[in-house]
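*Asks:*
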Amino acid sequence: MIKINSMDWKPIKKTFDKWSVRPTLLDYTTTCASFSWESILKEIDGLPDGKGINIAHEAVVRHAMEGRGNHLAIRWLSRDGAIRDYSYHDLHSQSNQFANVLRQLSINRGDRVFVLSGRIPELYISALGTLKNVSVFCPLFSAFGSEPIRQRLSKGDARVLVTTQKLYKQKVADLRKHLPLLKHILLADVEEDIEEGLWSLPKQMAKSSDRFSIPQTDPEDMALLHFTSGTTGMPKGAIHVHNAVLTHYMTGKYVLDFHPDDVFWCTADPGWVTGTSYGIIAPLTHGITSIIDEADFDAERWFRILEEQKVNIWYTAPTALRRLMRMDIEPCRQYNLSNLRIIHSVGEPLNPEVVKWGQETLELPIHDNWWQTETGGIMIANYASMDIRPGSMGRPLPGIEAAIVQRTNKNDIKIIEEPEVEGDLALKPGWPSMFRGYLHDEERHRKCFVGGWYITGDLAKRDADGYFWFVGRADDIIKTSGHMVGPFEVESVLMEHPSVAEAGVIGKPEPLIGELVKAFVCLKPGFEPAEKLRLEIMGFARKKLGSAVAPKQIDFVDNLPKTRSGKIMRRLLKARELGLPEGDISTLETDS
Ligand code: AMP
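The sequence shown begins at 15 in our numbering and counts up one residue at a time.
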């Protein structure tokens, strides 16, 4: 989905007359000029006795020790209407217990602890306990099918998996024979241990002390492993370290605009990076209250939550906002949204129409921001105090240098100084939450850096005032409902079906979810295209990949366009599907 030109929309002027607080970042230029990461380092606590920096210390221990222990940290809203509250003290002691569970299982520094679950309290407690133990927290999206789960557990050398009984039976039990390192499964909803290695989490927690002292943590110790899809090959595990907490804290302050009494709701699932960096860590580092909703999207429920929980800051995604926009609801008349101060959006292009809809219907503009798994935190944003140019992702964070660049050769780039010229969006490396590598994939990591810049994989342009505008992906990665899908993963699974000879997968623009996953399939001899077979392949892919990743459309084709070296030309498949010019097809393989 391509944004329209910057000139077509008038900026939205910002006022704070009705705000109970002032935005922290009041003057962008001055803040950028005086900013240093050293000053942010001074604002975080650090482990006692100079033992380093640990994310969980900043998120919970600090507040429990500094007299904020009774403040509400997390209010969990269950699917069926129950509410469970966790103060900072509660999170502190329960995450201590989880850290002790890991210790008793001989899970140590650097060991990977995966969590596969919906948004349940155990997920949050496991994340914090894992970080306290200096093990590595690796979240998995619960709507994944068994294949993406197997790949990630295997590539991430999973030692522990926290999950629920249902997810275990449906998606994990059959995989265990392929995962020799995965010795311990902790079931969050089972009261008794089932067998050696298949433990009841509540029982293990009950046996464990609620006292735990975080060991020395090097700021460069691995803390988080987030898998993200690539165009070729299997998913990549982006490594983040404890020092990333500086970015989490700093963006909470300057972008999300957290103030001590705020109630914050990030609707993202912790299976994806936004749900961890901002659904868990950033609000806790500011000692504020987070709302966690277990249920899936439901417009009325969402507006009720905003009203009843008196949410001040709401961080959500374009797909959800577009869905709300389509509903026949007049939110400001039907609900009391007077506590809502600021709305943020991330993950995919935010259409200018949605920003305008926010202004008109929610009486608040929507602040787009940009970042990705590899950056670990927000990098480009619309700030509370700055006028919004609808359709723009905003301006780089203080301390972040962003540029539009063009490759001059394999090893170098040139910075495009002129405004309004499209090119690769690049960042100058060195911010604290920059990924430190892809696990077991040094070559892929190295290729992201050219001429001293990190090349993000996105195409963008910058206007004369320094606002960045998203243009598209430079590769074939698909963004569907805000989730990254690698075409190669989908093609590989389709080819496991006995009838499929070859498959090519593209993202097809769709107004609500951004792009839908569409597959073109060539059948093996002896199979004929038929509706029954299409549905069978669709069901097969859905079972293996899960609903978030599987193709929503499948077309049968006689052959797929390929380069002379045999690579499927997805770009061409897409152009043909959309009736667009085919571009350079000089490398296309022909029958002659
Ligand atoms: P992920 O690593 O899954 O968080 O996805 C990151 C990618 O999502 C980016 O590289 C962009 O392609 C896309 N993205 C994130 N935020 C935005 C935004 N505000 N506007 C346009 N695309 C975005």
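Yeah, the Cβ is synthetic: ideal placement off N, Cα and C, and Gly gets one too.
So which of 468, 508 and 571 has the shortest CA-CA distance to residue 554?
*Replies:* Locating residue 554 in the sequence shown gives position 540, where the first residue counts as 1. Closest option to residue 554, Cα to Cα, is 508.
*Asks:* If you drop the 5 nearest sequence neighbours on each side, which residues of the same chain put their C-beta closer than 6 Å to that of residue 300?
*Replies:* Working through the sequence shown from its first residue, we reach residue 300 at position 286. Closer than 6 Å at the Cβ level, and outside the excluded window around residue 300, lie 266 and 272.
*Asks:* Quick check on the DSSP output: what are the complete beta strand (DSSP E) runs of length 3 or more inside the segment 507–560, in order along the chain?
*Replies:* Those beta strand (DSSP E) runs which fall completely within the segment 507–560 and span 3+ residues are 514–524 and 528–537.
*Asks:* Checking the sheet assignment: what are the DSSP bridge partners for residue 295?
*Replies:* Counted from its first residue, the sequence shown places residue 295 at position 281. In DSSP, residue 295 forms no bridge with anything.
*Asks:* Decide yes or no for the touch test of the segment 85–96 against the segment 304–322: beta carbon pairs closer than 8 Å, at least 3 of them.
*Replies:* Yes: at least three Cβ pairs fall under 8 Å.
*Asks:* Cβ of residue 154 within 8 Å of Cβ of residue 130?
*Replies:* Taking the sequence shown and counting its residues from 1, the one referred to as residue 154 is at position 140. Taking the sequence shown and counting its residues from 1, the one referred to as residue 130 is at position 116. For residue 154 and residue 130, yes; Cβs fall inside 8 Å.
*Asks:* Looking at the structure shown, is residue 330 part of a helix, part of a strand, or coil, going by DSSP?
*Replies:* Here residue 330 is taken as the residue at index 316 of the sequence shown, counted from 1. Residue 330: strand per DSSP, three-state reduction.
*Asks:* Of all the alpha helix (DSSP H) runs that stay within the bounds of the segment 349–423, which reach a length of 4 or more residues?
*Replies:* Counting only runs of 4 or more, we get 366–371.
*Asks:* Quick check for students: name the residue ranges of the beta strand (DSSP E) that lie wholly in the segment 191–255, counting only runs of 3 or more.
*Replies:* Segments of the beta strand (DSSP E) lying fully in the segment 191–255: 198–201, 212–214, 236–242 and 250–255.
*Asks:* What are the partner residues of residue 610, as DSSP defines its beta bridges?
*Replies:* Residue 610 lies beyond the range of the chain shown here (15 to 606); nothing can be said about it.
*Asks:* Which residue or residues does DSSP assign as beta-bridge partners of residue 158?
*Replies:* Sequence index remark: in the sequence shown, residue 158 carries index 144 (1-based). Looking at the DSSP assignment, residue 158 forms no beta bridge with any residue, so it has no partner.
*Asks:* Beta carbon of residue 362: closer than 7 Å to some heavy atom of ligand 1?
*Replies:* As a working note, residue 362 is residue 348 in the sequence shown. Yes.
*Asks:* Can you name, in chain order, every residue of its own chain whose Cβ lies under 6 Å from the Cβ of residue 256, other than the five neighbours on each side?
*Replies:* For the purposes of this step, residue 256 is identified with residue 242 of the sequence shown, where counting begins at 1. Only 67, 68, 69, 231, 233, 235 and 237 meet the Cβ criterion.
*Asks:* Whole alpha helix (DSSP H) runs in the segment 253–280 with 4 or more residues, listed along the chain?
*Replies:* Entirely contained in the segment 253–280, the alpha helix (DSSP H) runs reaching 4 residues are, in chain order, 259–268.
*Asks:* Under 7 Å from any heavy atom of ligand 1, does the C-beta of residue 286 make it?
*Replies:* Translated into positions along the sequence shown, residue 286 becomes position 272. The answer is yes for residue 286.
*Asks:* Which stretch, first to last residue, makes up the alpha helix (DSSP H) that contains residue 428?
*Replies:* Locating residue 428 in the sequence shown gives position 414, counting from the first residue. From DSSP, residue 428 is part of no alpha helix (DSSP H) but of the beta strand (DSSP E) over 426–429.
*Asks:* Assign residue 108 to one of two classes, buried (16 or more other C-beta atoms within 10 Å of its C-beta) or exposed (fewer than that).
*Replies:* To locate residue 108, count along the sequence shown from 1; it is residue 94. Buried, by the Cβ-count rule.
*Asks:* Enumerate, from N- to C-terminal direction, the unbroken beta strand (DSSP E) stretches of 3 or more residues contained entirely within the segment 468–514.
*Replies:* The segment 468–514 contains these whole beta strand (DSSP E) runs: 482–487, 492–494 and 497–499.
*Asks:* Please determine, among 393, 262 and 594, the residue with the shortest C-alpha to C-alpha distance to residue 73.
*Replies:* What you label residue 73 is simply residue 59 of the sequence shown in a count that begins at 1. Selected option, being the one with the closest Cα: 262.
*Asks:* Going straight from the alpha carbon of residue 184 to that of residue 290, what length do you get?
*Replies:* Position 170 of the sequence shown, counted from the start, is the residue given in the question as residue 184. Position 276 of the sequence shown, counted from the start, is the residue given in the question as residue 290. Computed Cα separation, rounded: 24 Å.
*Asks:* Could you tell me the distance, in whole angstroms, from the CA atom of residue 17 to the CA atom of residue 520?
*Replies:* By 1-based counting over the sequence shown, the position of residue 17 is 3. By 1-based counting over the sequence shown, the position of residue 520 is 506. Residue placement at residue 17 cannot be trusted, given a pLDDT of 48 that sits under 50; the coordinates are not used to answer.
*Asks:* Look up residue 589 in the DSSP assignment and say whether it is helix, strand or coil.
*Replies:* Within the sequence shown, the letter at position 575 stands for residue 589. Helix, per DSSP.
*Asks:* For a test of the three-state rule: what should DSSP assign to residue 287, helix, strand or coil?
*Replies:* Within the sequence shown, the letter at position 273 stands for residue 287. Here residue 287 sits in helix by DSSP.
*Asks:* Would you tell me roughly how many angstroms separate the C-alpha atoms of residue 40 and residue 292, rounded to the nearest one?
*Replies:* Position 26 of the sequence shown, counting from 1, holds the residue named residue 40. Position 278 of the sequence shown, counting from 1, holds the residue named residue 292. Going by the C-alpha atoms only, they are around 22 Å apart.
*Asks:* Give me the residue from 378, 579, 453 and 415 with the minimum Cα distance to residue 32.
*Replies:* In the sequence shown, counting from the first residue as 1, residue 32 sits at position 18. Comparing Cα-Cα distances from residue 32 to each of 378, 579, 453 and 415, the minimum goes to 378.
*Asks:* Could you work out which residue in 134, 117, 126 and 140 is closest to residue 106 when comparing CA atoms only?
*Replies:* Numbered from its first residue, the sequence shown carries residue 106 at position 92. Cα-wise, what sits closest to residue 106 is 140.
*Asks:* Under the rule that 16 or more other beta-carbon atoms within 10 Å means buried, what is residue 426, buried or exposed?
*Replies:* Reading the sequence shown from its first residue, position 412 is the one you call residue 426. Residue 426 comes out exposed.
*Asks:* Per DSSP, residue 451 is paired with what?
*Replies:* Here residue 451 corresponds to residue number 437 of the sequence shown, with the count starting at 1. Residue 451 pairs with 253.
*Asks:* Between residue 472 and ligand 1, is there a pair consisting of the residue's CB and a ligand heavy atom that are separated by less than 7 Å?
*Replies:* By 1-based counting over the sequence shown, the position of residue 472 is 458. Yes, ligand 1 has a heavy atom inside 7 Å of this Cβ.
*Asks:* Once DSSP output is grouped into helix, strand and coil, what is the label at residue 605?
*Replies:* Position 591 of the sequence shown, counted from the first residue, corresponds to residue 605. Note on residue 605: pLDDT 47, under 50, position unreliable in the model; no value is reported.
*Asks:* Would you call residue 549 buried or exposed, if buried means 16 or more other Cβ atoms sit within 10 Å of its Cβ?
*Replies:* For the purposes of this step, residue 549 is taken as residue 535 along the sequence shown, with counting starting at 1. Label assigned to residue 549: exposed.
*Asks:* Nearest by alpha-carbon distance to residue 414: which of 143, 264, 61 and 170 is it?
*Replies:* Your numbering for residue 414 matches position 400 in the sequence shown. Ranking the options by Cα distance to residue 414, first place goes to 264.
*Asks:* Should residue 44 be listed as close to ligand 1, given that the test is whether its C-beta is under 7 Å from any heavy atom?
*Replies:* Position 30 of the sequence shown, counted from the first residue, corresponds to residue 44. Residue 44: no, Cβ never under 7 Å from ligand 1.
*Asks:* Report buried or exposed for residue 126, applying the criterion of at least 16 other Cβ atoms within 10 angstroms of its Cβ.
*Replies:* Start at 1 with the first residue of the sequence shown, and residue 126 comes out as number 112. Under this definition residue 126 is a buried residue.
*Asks:* Around the C-beta of residue 595, are 16 or more other C-beta atoms found within 10 angstroms, so that it is buried, or is it exposed?
*Replies:* Residue numbering aside, residue 595 sits at position 581 when the sequence shown is read from its first letter. Exposed is the call here.
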